[in-house]
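These notes are about the structure you will find just below.
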Amino acid sequence: MKNPTNQVTRAVSNRIAVVFDFDETLTPHDSFAVLLQACQLDADEFTRNRIQPLLDQGWEKYLARAYCLVQESQQRSNQITQDKLASVGQQIELYEGVNDLFAHLQQKIQAISEDTELEFYLISGGFVDIPRNTSVAKDFVRMWGCELHYDETGAVAFMKRQMTHTEKTRYLYYLSKGIEQSDNEKDLIYNYPNLPADELHVPLNQVIYVGDGASDIPCFDVIRQHGGTAIGIYAEGRSAEQWEYLEEIKSSQRLSNLVPASYEKDSELVQSLSLSVESLAKKLALHQLSSKH
Numbered sequence: 284m285k286n287p288t289n290q291v292t293r294a295v296s297n298r299i300a301v302v303f304d305f306d307e308t309l310t311p312h313d314s315f316a317v318l319l320q321a322c323q324l325d326a327d328e329f330t331r332n333r334i335q336p337l338l339d340q341g342w343e344k345y346l347a348r349a350y351c352l353v354q355e356s357q358q359r360s361n362q363i364t365q366d367k368l369a370s371v372g373q374q375i376e377l378y379e380g381v382n383d384l385f386a387h388l389q390q391k392i393q394a395i396s397e398d399t400e401l402e403f404y405l406i407s408g409g410f411v412d413i414p415r416n417t418s419v420a421k422d423f424v425r426m427w428g429c430e431l432h433y434d435e436t437g438a439v440a441f442m443k444r445q446m447t448h449t450e451k452t453r454y455l456y457y458l459s460k461g462i463e464q465s466d467n468e469k470d471l472i473y474n475y476p477n478l479p480a481d482e483l484h485v486p487l488n489q490v491i492y493v494g495d496g497a498s499d500i501p502c503f504d505v506i507r508q509h510g511g512t513a514i515g516i517y518a519e520g521r522s523a524e525q526w527e528y529l530e531e532i533k534s535s536q537r538l539s540n541l542v543p544a545s546y547e548k549d550s551e552l553v554q555s556l557s558l559s560v561e562s563l564a565k566k567l568a569l570h571q572l573s574s575k576h
């Protein structure tokens, strides 16, 4: 039989992580559509005439997007460059209140325990060079997403890394281990339950994940399996009952809460995040107190 004293006093991480999707989570927009518009392209027409035929042939969505973007860039004199993606990131609209959220949650943590760290991460299916250039990029420890390779002129040349729906879950394990990426990423996924607690940067039961839809469902599932907090959001002006993924989520009970995408100070989303980080911080403070004895 295990010694209950050892269970109480064993080392745990004093970190809490909040993970966000980007498109329609921190911004009301699809960042790829915003990029196309910035390149004077009609996003609906580009998707219908260029991307959809590739999807019909069995292409992966993100590979098809990158391929068509590179093709478009090569056909024009003003090529699509890394600077163009950076410019889109600098100008893309974020939800009102997003800029104030990170400091607000840090204050909630510090009011409970100065020994507890709160970290923010982003895992997006979009081109990550866009969120990396937003006003909130400085608040994140790491941002992961689809990566483009650029040629010597800075123009888009190839897809370097894609981020499918299931691929996003891999980065939850990277986050938990405290690494950027791994050569043995599949082993990490399968071996995670066997990792000693003192090898974890942030245990997944101390992770809060915020996302808006289909691309986030695998992450919701992983987070809930490991005892973390999963918060789904839907567009303002709609209702929870109108969220198109509601039945799929409800059947497997993967969400801690489903709230409107409003980051105003007293919104249900900010209250949910505040309560989530406060609850985890109090548990960690209790553990730290008990460890002293």
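Residues 284 to 576 in my numbering are what the sequence shown lists, from first letter to last.
The beta-carbon is built from N, C-alpha and C at its ideal position, and this holds for glycine as well.
CB contact flag (Ser555, Ile514, <7 Å): yes
Does the beta carbon of Gln365 come closer than 7 Å to any beta carbon on chain B? The structure shown contains no chain B; it holds only a single protein chain.
Reducing DSSP to helix, strand and coil, say where Ser498 ends up. helix
Return the CA-CA distance between Arg348 and Glu328, expressed in angstroms with no decimal places. 13 Å
Classify Asn540 as helix, strand or coil using the three-state DSSP reduction. strand
Do you know whose CA, among Gly409, Glu547, Arg425 and Lys566, lies nearest Met446's CA? Gly409
Return the bridge partner residues of Asp306 from the DSSP annotation. Thr310
Less than 8 Å between the CB atoms is what I'm expecting for Val560 and Leu458, so what's the real figure, rounded? That belief does not hold up - the Cβ atoms of Val560 and Leu458 are roughly 16 Å apart, past 8 Å.
Report the rounded CA-to-CA distance for Phe403 versus Val485, giving the unit in angstroms. 11 Å
Three CB pairs or more closer than 8 Å across the segment 484 to 503 and the segment 300 to 319: yes
Which residue comes first and which comes last in the alpha helix (DSSP H) that contains Cys351? Lys344 to Gln357
Within 10 angstroms of the Cβ of Pro501, are there 16 or more other Cβ atoms? Answer buried if so, exposed if not. buried
Using only the alpha-carbon positions, how far apart do Ser396 and Ser562 sit? 12 Å
Considering only their Cβ atoms, is the gap separating Gly372 from Thr417 smaller than 7 Å? yes
With DSSP run on the structure shown, which of helix, strand or coil describes Leu338? helix
As assigned by DSSP and simplified to three states, the class of Gln525: Residue placement at Gln525 is flagged as unreliable, the pLDDT there being 48, under the threshold of 50; a coordinate-derived value is accordingly withheld.
What residue does the beta strand (DSSP E) around Tyr404 start on, and which one ends it? Glu400 to Phe410
Do Leu569 and Thr399 have their beta-carbon atoms positioned less than 7 Å apart in this structure? no
In this structure, does DSSP put Gly262 in helix, strand or coil? This structure gives no information on residue 262, because the portion of the chain shown stretches from 284 to 576.
Own chain partners of Gln365 with C-beta closer than 7 Å, once the 5 adjacent residues on each side are dropped: Asp412, Tyr433 and Gly437
Can you give me the C-alpha to C-alpha distance between Pro543 and Ala518, rounded to a whole angstrom? 6 Å
In three-state DSSP terms, what is Val493? strand
Residue environment, Arg453, which counts as buried when at least 16 other CB atoms sit within 10 Å: buried
Straight-line gap, Ile375 to Leu471 (C-alpha atoms, nearest Å): 35 Å
Cβ of Ala440 within 7 Å of Cβ of Val295? no
Local conformation of Thr449 per DSSP, three classes: coil
Where does Ile565 sit, in a helix, a strand or coil, going by DSSP? The sequence given here places Lys at residue 565; Ile does not occur at that position. Looking at Lys565 - three-state DSSP - the assignment turns out to be helix.
Within this structure, are the beta carbons of Ser557 and Lys391 separated by less than 7 Å? yes
Whole angstroms are fine: how far does the CA of Lys565 sit from the CA of Gln571? 10 Å
Thinking Leu346 and Met426 are a contact (beta carbons under 8 Å), I'd like their distance in whole angstroms, please. Leu346 to Met426, Cβ: 20 Å. No contact.
Evaluate Gly511 with the Cβ neighbour count: other Cβ atoms within 10 Å of its Cβ, from every protein chain shown; 16 or more gives buried, anything less gives exposed. buried
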